[in-house]
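Written out below as structure tokens is the structure these notes cover.
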Amino acid sequence: MKALKLAIIFLFLPLLVCADNQPWQIFKSTHFLIYYKNAKESQLNELAVRAEEYYNKITDDLGFNRFNFWTWDNRARIYLFDNQKEYVAETGDPNWSAGRAEVDRKLIQTFITARGFLDNVLPHEMAHIVFREMVGFNNPAIPLWLEEGVASYQEQKIYFAKADLANRMKQGNFISFDELNRMESAGLRAQDEVGLFYAESFSLVKYLIAEFGKDRFVLFCQNLRDRRDLTRALALTYSFKDLKDFESSWRKYIL
Ligand SMILES: [Zn+2]
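Residue numbers (my numbering): 20 to 274.
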């Protein structure tokens, strides 16, 4: 049903007409097309400015700034619904959702008063899209921790300080890398575990970028894209013998 609905929206996009017949209008910035109905100009400006800032920061942080991803016909689309009710009705998302993205369509949806969208959801979802454009949308070699680590790395909030992670590790209240590497989103249930999963994922990406630099990280992504194999990409880029070697270096960094 949801797929059908999306297909219909997609078909009618060229006409820029939505279900309630009020046309979407478009606000353009260098890398974004913002679709809106009744948003004020100040709200559109704020969204565009923040989105452009994040675009620059994400591509710079990850070293992707020599690849000009999102210009002209390739701009990302942001749909800014007037209110939560319309957003929920259209996306089917739960009431706590402040925004969402369809990574392969480079599409982000949110609503005007969404809490935490500008600070956390927007950079998180944008990072997902930029990262996937780099490593390939259908690349099976990307574990969830890497995907979410790259996205969380861009949020304004701090998941766990390094010292907290070190304490948890000493207490044995820690997800081993082996376990982390096998985790899929459907398996994330208990809330404490979800928090720890994101904290460790964030920490792994932070470790790679802080210790070895952005250029290496780009090379790592290119190796992931070309080899489609995590262990090989880690070995080729960082000379980790295997995943155990990678884990013990990361643990040393935390401690
Ligand atoms: Zn995510």
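Ideal placement from N, C-alpha and C gives every residue a C-beta, glycine not left out. As the structure is a computational prediction, the values presented were derived from the model and not from experiment.
Under the three-state reduction of DSSP, which class applies to A180: helix, strand or coil? On the sequence shown, position 161 is the one that residue 180 refers to. Coil.
What does the alpha-carbon distance come out to for the pair Y257 and L99? In the sequence shown, counting from the first residue as 1, residue 257 sits at position 238. In the sequence shown, counting from the first residue as 1, residue 99 sits at position 80. Y257 and L99: Cα-Cα distance of roughly 41 Å.
Rounded Cβ spacing between E166 and F88 (contact assumed at less than 8 Å): Here the question's residue 166 lines up with position 147 in the sequence shown. Here the question's residue 88 lines up with position 69 in the sequence shown. Not a contact, Cβ separation roughly 17 Å.
Ligand 1 and E167: does the residue's C-beta get closer than 7 Å to at least one heavy atom of that ligand? Walking along the sequence shown from the start, residue 167 turns up at place 148. Yes, ligand 1 has a heavy atom inside 7 Å of this Cβ.
Could you pull out every residue in the same chain whose Cβ sits closer than 8 Å to the Cβ of F236, ignoring the five residues on either side in sequence? Taking the sequence shown and counting its residues from 1, the one referred to as residue 236 is at position 217. L81, G82, L227, I228, listed in sequence order.
Cutoff 7 Å; reference P162; Cβ partners in own chain excluding five residues on either side: Against the sequence shown, residue 162 aligns to sequence position 143. Around P162: N200, L249.
Tell me whether A170, by its Cβ, gets closer than 7 Å to a heavy atom of ligand 1. Against the sequence shown, residue 170 aligns to sequence position 151. Yes, since a heavy atom of ligand 1 falls inside the 7 Å radius drawn around the Cβ of A170.
Taking only the alpha-carbon atoms, compute the straight-line gap between L52 and N93 and give it to the nearest angstrom. For the purposes of this step, residue 52 is identified with residue 33 of the sequence shown, where counting begins at 1. For the purposes of this step, residue 93 is identified with residue 74 of the sequence shown, where counting begins at 1. If I take the Cα positions, the gap works out to 10 Å.
Determine the contact status of M145 and I194, defining contact as a CB-CB distance below 8 Å. For the purposes of this step, residue 145 is identified with residue 126 of the sequence shown, where counting begins at 1. For the purposes of this step, residue 194 is identified with residue 175 of the sequence shown, where counting begins at 1. Going by C-beta atoms, M145 is not nearer than 8 Å to I194.
Length of the line joining the Cα atoms of R69 and Q62: Numbered from 1 along the sequence shown, position 50 holds the residue referred to as residue 69. Numbered from 1 along the sequence shown, position 43 holds the residue referred to as residue 62. Approximately 11 Å, taken between the alpha carbons.
For F58, which residues of its own chain have a beta-carbon under 6 Å away from its beta-carbon, when the five flanking residues on both sides are left out? Taking the first residue of the sequence shown as position 1, residue 58 is located at position 39. Note on identity: in this sequence residue 58 is Ala, with Phe being the wrong assignment. Closer than 6 Å at the Cβ level, and outside the excluded window around A58, lie L99, I131.
Quick check: is any heavy atom of ligand 1 less than 7 Å from the C-beta of H50? Mapped onto the sequence shown, residue 50 falls at position 31. False, no ligand heavy atom lies under 7 Å from that Cβ.
Taking only three categories from DSSP, how would you classify Q44? The residue you call residue 44 lines up with position 25 of the sequence shown. In this structure, Q44 counts as strand in the three-state DSSP scheme.
Can you give me the C-alpha to C-alpha distance between R119 and I177, rounded to a whole angstrom? If you number the sequence shown from 1, residue 119 lands on position 100. If you number the sequence shown from 1, residue 177 lands on position 158. Rounded to the nearest angstrom, the two C-alpha atoms are 20 Å apart.
Quick check on the burial criterion: 16 or more other C-beta atoms within 10 angstroms. Buried or exposed for T49? Position 30 of the sequence shown holds residue 49. By the 10 Å Cβ count, T49 comes out exposed.
Per DSSP, A120 is paired with what? On the sequence shown, position 101 is the one that residue 120 refers to. Paired residue(s): I127.
Contact set for A133: own chain, Cβ-Cβ below 6 Å, skip 5 residues either direction: The residue labelled residue 133 in the question sits at position 114 within the sequence shown. Hits under 6 Å: A117, G118.
Looking at S204 and W164, is the spacing between their C-beta atoms short of 8 Å? Your numbering for residue 164 matches position 145 in the sequence shown. Your numbering for residue 204 matches position 185 in the sequence shown. No, these two residues do not count as a Cβ contact at 8 Å.
Name the residue from F179, L243, N186, V149 whose alpha carbon lies nearest to the alpha carbon of V213. In the sequence shown, residue 213 corresponds to position 194, counting from 1. Among F179, L243, N186, V149, the Cα nearest to that of V213 belongs to F179.
DSSP puts Y272 in a beta bridge; with which residues? Translated into the one-based positions of the sequence shown, residue 272 becomes position 253. Paired residue(s): none; Y272 is not in a bridge.
Can you list the beta strand (DSSP E) stretches of 3 or more residues lying completely in the region 82 to 166, in chain order? 95 to 100, 118 to 121, 126 to 130
CB-CB under 8 Å to T129, same chain, minus the five flanking residues each way: which ones, in chain order? As a first step, residue 129 is located in the sequence shown; it is residue number 110 there, counting from the start. I97, Y98, L99, F100, Y106, A117, G118, R119, F136, V140, L141, listed in sequence order.
Beta-ladder partner(s) of I53, from DSSP: For the purposes of this step, residue 53 is taken as the residue at position 34 of the sequence shown. F46, I97.
Let's see if you can read the secondary structure: which residues bound the alpha helix (DSSP H) around A70? Numbered from its first residue, the sequence shown carries residue 70 at position 51. 60 to 80 is the span of the alpha helix (DSSP H), which, as asked, contains A70.
Selection from A160, F216, G155 that minimises the alpha carbon distance to L184: Translated into the one-based positions of the sequence shown, residue 184 becomes position 165. For the residues A160, F216, G155, the minimum Cα distance to L184 belongs to F216.
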